[in-house]
Amino acid sequence: MEDLNRMRRELLRKAGLATAMTASGMLAIDNDAGAQPRPKRPPRSPLNVRDFGASGDGKKDDTRAFERALAAAEGDGGNLITIPRGEYRITAPLDIPASVTLEGVSRAPTIRSEHRGSCLLALVEGGNAEGAPLITLHENATLAGLTVYYPEQRKTADPIPYPWTVRGDGDNCSLVDVLLVNPYQAVDFGTRAAGRHYVRGLYAQAIYRGLFVDKCFDVGRLSDVHFWPFWEVWQTPLKQFTEKEGIAFIIGRTDWEYVGNCFCIGYSVGFDFVRTKDGSANAVFTQSGSDVGPLAVRVQNVQDHAGIAFSNCQFMTGIEIKETNRGPVKLTSCGFWPINGADRHALLEGSGHTTFTACHFSDWARTIPGTPAVEARRGSVTINGCDFAAPGKAQVRIGPDVDAAIVMGNRLRGAEAIANEAGARAQIGLNAVASGA
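Reading the sequence shown from the start, the letters are residues 114 to 550 in our numbering.
Structure follows, in structure tokens:
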């Protein structure tokens, strides 16, 4: 009996010791689920570039501070980095990692903000348009609410070439509420694959190239893009450079690009559709336009099966479809206006089908009498429900190499002047000549 009591006391003593050790953390008790790690301390959110040494005084080089903030956000697995009001000197390219947002104070695109709000002063080396971009966005990265300004750019007929200001390198890159004051080349979502890119509220005076899209294999979106003289150079030689050399939108391979409320002014070409090694575009454009330029739309190539469509758009002066294009081009409820020296609103030389429905053609043949508003040389064309507003001028010419043409139900001024050189391959009828203006 004494032995049994001694055994009981020993067991109780050991149990008490184990309980005490467990309470003090000296002994770990395993269970069926195994030991559970202590939860990590949640990362700070958002981060602030000032906490990483950025001054924003426009004098100190803040590049390294931005790099430290970006590295910290990447280490968090993605984070928001805020940029308080200030001017931040950036002297080397910045890389925005995956799932990181770099955001300034603006909540809409701005004007004359190169010394206001959150402004990056791009003091990188110029002279090489093919160099590394100022800012690279990776998958799920966002640039928002800030201004980028190149202080060393010049308002002359020979501007300094710079690489792209922003480049996408990965899917789901976003650019929101950003002003690029005077980029030589603004936004590149084409050199690297950047599917499902999202651009909203981009304002810029892109001197040479505006926005390049290519390698987009799943629905990119562009809205509220405004290429306009934000640097106030309309009366300088730089304006002539952009009018001669500038292209606002360059669209290569993209599948189901949705474009709305996009505008440009003063470019040699407004919207340029090209074929790259990855292919060409199918895209839908609404409420967009190209102003004060000789060629609003140039179609070098679009996808054969889908092509492009413009709806409720405005063009100055016209559209050209080149011999290389085979895909369909559709224009609905679009307006065409001339500039000095303009002769045509549309020249069709590709083998695809072009459709004009409920469009308005304002004036043409300003330098070469007898030039028609719409001239079809190849392919097929349908023109219906359109208004040709200039009296006494030829409306349409259908060339002998046109495959098929329908010109029906249009409103003409002065007299009907539709030249048909395609014979029975063209159907023309029910066009009315208005007696008044």
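We put the CB at the ideal spot given by N, CA and C, even for glycine.
Item, Value
"Between the C-alpha atoms of residue 311 and residue 457, what's the straight-line distance to the nearest angstrom?", "35 Å"
"DSSP has residue 179 in a bridge; who is on the other side?", "Answer is none; residue 179 lacks a bridge partner."
"I think residue 333 touches residue 309, with their Cβ atoms under 8 Å apart; what is that distance to the nearest whole Å?", "7 Å"
"Are there 16 or more other CB atoms within 10 angstroms of the CB of residue 543, so buried, or fewer, so exposed?", "exposed"
"With C-beta atoms as the reference, is residue 336 less than 8 Å away from residue 373?", "yes"
"For residue 520, which beta-bridge partners are listed by DSSP?", "496, 541"
"With DSSP as the reference, label residue 445 as helix, strand or coil.", "strand"
"Buried or exposed for residue 418, please, with buried defined as at least 16 other CB atoms from any protein chain shown within 10 angstroms of its CB.", "exposed"
"For residue 356, report the span of its alpha helix (DSSP H) as first-last.", "350-358"
"Note down the Cα distance separating residue 319 from residue 212, rounded to an integer number of angstroms.", "27 Å"
"Using a Cβ-Cβ cutoff of less than 7 Å, which residues in the same chain neighbour residue 480 once the five nearest sequence positions on both sides are dropped?", "454, 456"
"Put residue 134 into one of helix, strand or coil per three-state DSSP.", "With a pLDDT of only 39 at residue 134, under the threshold of 50, the placement of this residue in the model should not be trusted; the figure read from the coordinates follows. Of the three classes helix, strand and coil, the one that applies to residue 134 here is helix, per DSSP."
"Just curious, the beta strand (DSSP E) that residue 298 is in, first and last residue?", "298-302"
"To the nearest angstrom, report how far apart residue 187 and residue 210 are at their CA atoms.", "6 Å"
"If I'm right that residue 446 touches residue 422 with Cβ under 8 Å, what's the distance once you round it to whole angstroms?", "In fact, because the Cβ distance is near 11 Å, the residues do not count as touching under 8 Å."
"What does the alpha-carbon distance come out to for the pair residue 404 and residue 164?", "45 Å"
"Buried or exposed for residue 240, going by 16 or more other Cβ atoms inside 10 Å?", "exposed"
"Span of the beta strand (DSSP E) holding residue 251?", "248-251"
"Under 6 Å Cβ to Cβ from residue 521, same chain only, skipping five residues before and after it: list those, please.", "497, 542, 543"
"Contact defined as beta carbons within less than 8 Å: I believe residue 524 pairs with residue 503. What is the distance between those atoms, to the nearest angstrom?", "Not confirmed; about 12 Å, so no contact."
"Rounded C-beta distance between residue 396 and residue 433? I'm assuming under 8 Å.", "Not quite, the Cβ-Cβ distance comes to about 17 Å (not below 8 Å), so this is no contact."
"Got a sec? Which residues, its chain only, sit under 7 Å from residue 223 by beta carbon, not counting five neighbours each side?", "230, 260, 292"
"Please check the pair residue 554 and residue 286, which I expect to be a contact at CB under 8 Å, by giving their CB distance rounded to whole angstroms.", "The chain is shown from 114 up to 550; residue 554 falls before or after that span and cannot be answered."
"Give the DSSP-derived three-state secondary structure of residue 331 in the structure shown.", "coil"
"Considering only C-alpha positions, which residue in the set 206, 208, 298, 201 is nearest to residue 217?", "201"
"Can you say whether residue 488 is buried or exposed, counting buried as having 16 or more other CB atoms within 10 angstroms of its CB?", "buried"
"Short check: CB of residue 534 to CB of residue 519, under 8 Å?", "no"
"Roughly how many angstroms lie between the CA atoms of residue 420 and residue 262, to the nearest whole one?", "36 Å"
"In chain order, which continuous runs of the beta strand (DSSP E) of length 3 or greater are located wholly inside the segment 254-278?", "255-257, 260-262"
"Using the beta-carbon count (16 or more within 10 Å), is residue 347 buried or exposed?", "exposed"
"Can you tell me the Cα-Cα spacing of residue 195 and residue 161, whole angstroms?", "5 Å"
"Going by the CB atoms, is the gap between residue 401 and residue 365 shorter than 8 Å?", "no"
"Within a Cβ cutoff of 6 Å, which residues of the same chain sit near residue 329, ignoring the five residues on either side of it in sequence?", "308, 367"
"Just the Cα atoms here: how many angstroms apart are residue 468 and residue 486?", "14 Å"
"In whole angstroms, what is the alpha-carbon distance linking residue 175 and residue 191?", "21 Å"
"Counting only the same chain and skipping the five closest in sequence on each side, list residues whose C-beta sits under 7 Å from that of residue 252.", "211, 283, 284, 285"
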